[in-house]
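Participant: Residue numbers (the numbering used here), protein chains in the order written: chain D, 93 to 229; chain Y, 93 to 229. We put the CB at the ideal spot given by N, CA and C, even for glycine. Dumping the structure here so I can ask a few things about it.
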DNA sequence: TGCGTGTTTGCACCATGATGCAACTGTATG
DNA sequence: CATACAGTTGCATCATGGTGCAAACACGCA
């Protein structure tokens, strides 16, 4: 693996001026969309349901007005968390599983890249290697 | 790998009643903390700075009142995003890199687990195997 | 074209929370 | 003990946004 790690900025002020991958991933818009209890519940239901659901169906999973659900779904869509498709007069929303998972994983990587040189990871790798060697032997 | 995948609930209403790993990871409190521009900026600076910083230092990275920064840092701390340590009269906050990265990764995994059976992943694995075979041969 | 259904939008209300200022607490230092 | 400094808290203000109701809109169907 090549050396991609940079020396961290000396102060938070310097950090504010310096650009890292984590800056793009830390989008307030995305987190804001998931910051409301009702909205995150809707998103969770769509994630677990794992298929495109109509607004009416989705509204059944919590006791707020249908119009509220409609607005929340639009917000989730704007944040890229769900995707909408029309079929006649019904609109179906589906969770964007792969996209969001990828986004979260990239955020995790970006945060980790800024942090301390992750000794636990090396430890895990050593353990893996040991296990592999044992299995082989 | 053993079969851990469950059949998804038929409707969002059923999804609301059914419990999956993703439910615990989708904590509105965490996302709410990252949903404010000022706060996420502070968090980003701490992530990039990668060391414990005093409140005064941190306040230098954005043009809001020191008291506001103090409150935001407390919020971030409450969400588990940063950790505070006192030394005399100065309080230092540091980003919890490993914890947050782990949390994001587990969320990614939980979301992916609910989603479609991820054909791209299988494809990748096949590709990896092919590549490995080629490299070996 | 009129009707019923699924969804969105306009509007008003209200709760939450982000912000700045000032006062306060707590801790070193003289 | 007085002073200065780091940070927190109380308070008032204001903007944002979550909510419900009703009306409007869009589409399929008879």
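Suppose you measure from the CA of residue 199 of chain Y to the CA of residue 186 of chain D; what does that come to, to the nearest Å?
Facilitator: One-based indexing of the second chain puts residue 199 of chain Y at position 107. One-based indexing of the first chain puts residue 186 of chain D at position 94. The straight-line gap from Cα to Cα measures roughly 18 Å.
Participant: Quick one: grab the DSSP three-state call for residue 159 of chain D.
Facilitator: Start at 1 with the first residue of the first chain, and residue 159 of chain D comes out as number 67. Reduced to three states, the DSSP call for residue 159 of chain D is helix.
Participant: Just reading off the beta strand (DSSP E) that residue 103 of chain Y is part of, what are its end residues?
Facilitator: Looking up residue 103 of chain Y in the second chain gives position 11. First-last for residue 103 of chain Y: undefined, no H or E at that position.
Participant: When you compare only the Cα positions, how much space is there between residue 180 of chain D and residue 145 of chain D?
Facilitator: For this step, residue 180 of chain D is matched to residue 88 along the first chain. For this step, residue 145 of chain D is matched to residue 53 along the first chain. Between residue 180 of chain D and residue 145 of chain D, the C-alpha separation is close to 14 Å.
Participant: Quick one: any contact between the stretch 169-184 of chain Y and the stretch 137-151 of chain D, if contact means 3 or more CB pairs under 8 Å?
Facilitator: Counting Cβ pairs under 8 Å, fewer than three are found: no touch.
Participant: Where residue 190 of chain D and residue 204 of chain Y are concerned, what is the direct C-alpha to C-alpha distance, given to the nearest angstrom?
Facilitator: The residue you call residue 190 of chain D lines up with position 98 of the first chain. The residue you call residue 204 of chain Y lines up with position 112 of the second chain. Each residue's Cα considered, the two are about 6 Å apart.
Participant: Give every residue of the same chain whose Cβ lies closer than 6 Å to the Cβ of residue 176 of chain Y, excluding the five residues on either side of it in the sequence, and list them in chain order.
Facilitator: Residue 176 of chain Y sits at position 84 when you count from the first residue of the second chain. 169, 183 and 185.
Participant: Strictly below 8 Å CB to CB, what residues from chain D border residue 207 of chain Y?
Facilitator: Here residue 207 of chain Y refers to the residue found at position 115 when the second chain is read from its first residue. Going along chain D in sequence order, the residues near residue 207 of chain Y (Cβ under 8 Å) are 139, 142, 187, 189, 190 and 193.
Participant: Would you list the residues sitting across from residue 108 of chain Y in a DSSP beta bridge?
Facilitator: The sequence position of residue 108 of chain Y within the second chain is 16, counting from 1. Bridge partners of residue 108 of chain Y: none, in fact.
Participant: Within 8 Å (strictly less), CB to CB, does residue 132 of chain Y reach chain D?
Facilitator: Looking up residue 132 of chain Y in the second chain gives position 40. Interface residue, yes.
Participant: Would you call the stretch 116-123 of chain Y in contact with the stretch 105-118 of chain D, where contact means no fewer than 3 C-beta pairs closer than 8 Å?
Facilitator: The answer is no - the stretch 105-118 of chain D does not touch the stretch 116-123 of chain Y, with fewer than three Cβ pairs under 8 Å.
Participant: Once the 5 residues before and after residue 122 of chain Y are set aside, which same chain residues still bring their CB inside 6 Å of it?
Facilitator: The residue labelled residue 122 of chain Y in the question sits at position 30 within the second chain. Once the five neighbours on either side are set aside, the close Cβ partners of residue 122 of chain Y are 171.
Participant: What residue range does the alpha helix (DSSP H) around residue 200 of chain Y cover?
Facilitator: For this step, residue 200 of chain Y is matched to residue 108 along the second chain. Here the alpha helix (DSSP H) through residue 200 of chain Y covers 189-206.
Participant: By Cβ distance, which residues of its chain are closer than 8 Å to residue 188 of chain D, with the 5 residues on each side in sequence left out?
Facilitator: Within the first chain, residue 188 of chain D is the residue found at index 96, counting from 1. Result list for residue 188 of chain D: 172, 173, 174 and 175, in chain order.
Participant: In whole angstroms, what is the alpha-carbon distance linking residue 166 of chain D and residue 132 of chain D?
Facilitator: Sequence index remark: in the first chain, residue 166 of chain D carries index 74 (1-based). Sequence index remark: in the first chain, residue 132 of chain D carries index 40 (1-based). In a straight line, the C-alpha of residue 166 of chain D is about 13 Å away from that of residue 132 of chain D.
Participant: Please return the same chain residues whose Cβ sits closer than 7 Å to the Cβ of residue 192 of chain Y, not counting the five positions on each side in sequence.
Facilitator: The residue you call residue 192 of chain Y lines up with position 100 of the second chain. Taken in chain order, the residues that qualify are 173.
Participant: Which of helix, strand or coil does DSSP assign to residue 97 of chain D?
Facilitator: To locate residue 97 of chain D, count along the first chain from 1; it is residue 5. Residue state, collapsed to three classes: coil.
Participant: Please list the terminal residues of the continuous alpha helix (DSSP H) segment that includes residue 179 of chain D.
Facilitator: The sequence position of residue 179 of chain D within the first chain is 87, counting from 1. Looking at the DSSP string, residue 179 of chain D is not in any alpha helix (DSSP H); the run it does join, the beta strand (DSSP E), is 174-179.
Participant: If you follow the alpha helix (DSSP H) that residue 116 of chain D is in, where does it begin and where does it stop?
Facilitator: Numbered from 1 along the first chain, position 24 holds the residue referred to as residue 116 of chain D. Per DSSP, residue 116 of chain D belongs to the alpha helix (DSSP H) from 113-117.
Participant: My understanding is that residue 98 of chain D touches residue 107 of chain Y, with C-beta atoms under 8 Å, so please give their C-beta distance in whole angstroms.
Facilitator: Position 6 of the first chain, counted from the first residue, corresponds to residue 98 of chain D. Position 15 of the second chain, counted from the first residue, corresponds to residue 107 of chain Y. Their Cβ separation, rounded to whole angstroms, is 43 Å, which puts residue 98 of chain D and residue 107 of chain Y out of contact at 8 Å.
Participant: Please identify the residue among D:194, D:104 and D:156 whose C-alpha is closest to the C-alpha of residue 142 of chain Y.
Facilitator: For this step, residue 142 of chain Y is matched to residue 50 along the second chain. Looking at the Cα atoms, D:104 is the closest of the given residues.
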